[in-house]
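Trainee: Just so we're aligned, residue 2 is where the sequence shown starts under my numbering, counting upward by one. Glycine included, every Cβ here is placed at the ideal spot set by N, Cα and C. Note that the structure is predicted; figures quoted are calculated from it, not measured. One structure, as structure tokens, below. Some questions next.
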Amino acid sequence: MGITKVNVIRITQKFANKEQAMEYFGFAQKSTATFQRYLAEFKQHKDFGSGYINPTGGYVLIDIDKFEQFLRWKDANKFRGDS
């Protein structure tokens with residue numbers, strides 16, 4: 002019986018569920034309500050909504066990169082009235 006060499010491919014996690022995303026972006030320790038509000042806006046936004054996937058009624062997946070882009074967009078537009 003020989004030893005088979007296996008190549009390991011490292012991948013970056015693309016999607017996270019709500020709890021993972023809250024932890025990743027630092028909302029878990031601070032404000033769940035703020036995260037929920039941002040997530041609702043993210044879901045409805047024409048430029049970012051494709052990063053919100055709801056394959057079942059109770060399980061949401063969030064594109065980490067797209068949500069970060071959304072937060073950066075929020076930061077850049079925080080004093081504008083049309084955000």
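Is F26 helix, strand or coil when you go by DSSP?
Mentor: In this structure, F26 counts as coil in the three-state DSSP scheme.
Trainee: Are the Cβ atoms of A17 and I54 separated by less than 8 angstroms?
Mentor: No, Cβ-Cβ distance for A17 and I54 is not below 8 angstroms.
Trainee: Give me the Cβ distance between I65 and Q30, rounded to the nearest whole Å; I'm assuming they're in contact under 8 angstroms.
Mentor: With a Cβ gap of about 18 angstroms, I65 and Q30 do not count as contacting.
Trainee: From the DSSP output, read off the bridge partner residues of L62.
Mentor: I54.
Trainee: By a C-beta neighbour count over all protein chains shown, 10 Å radius and 16 as the cutoff for buried, is G59 buried or exposed?
Mentor: Exposed, by the Cβ-count rule.
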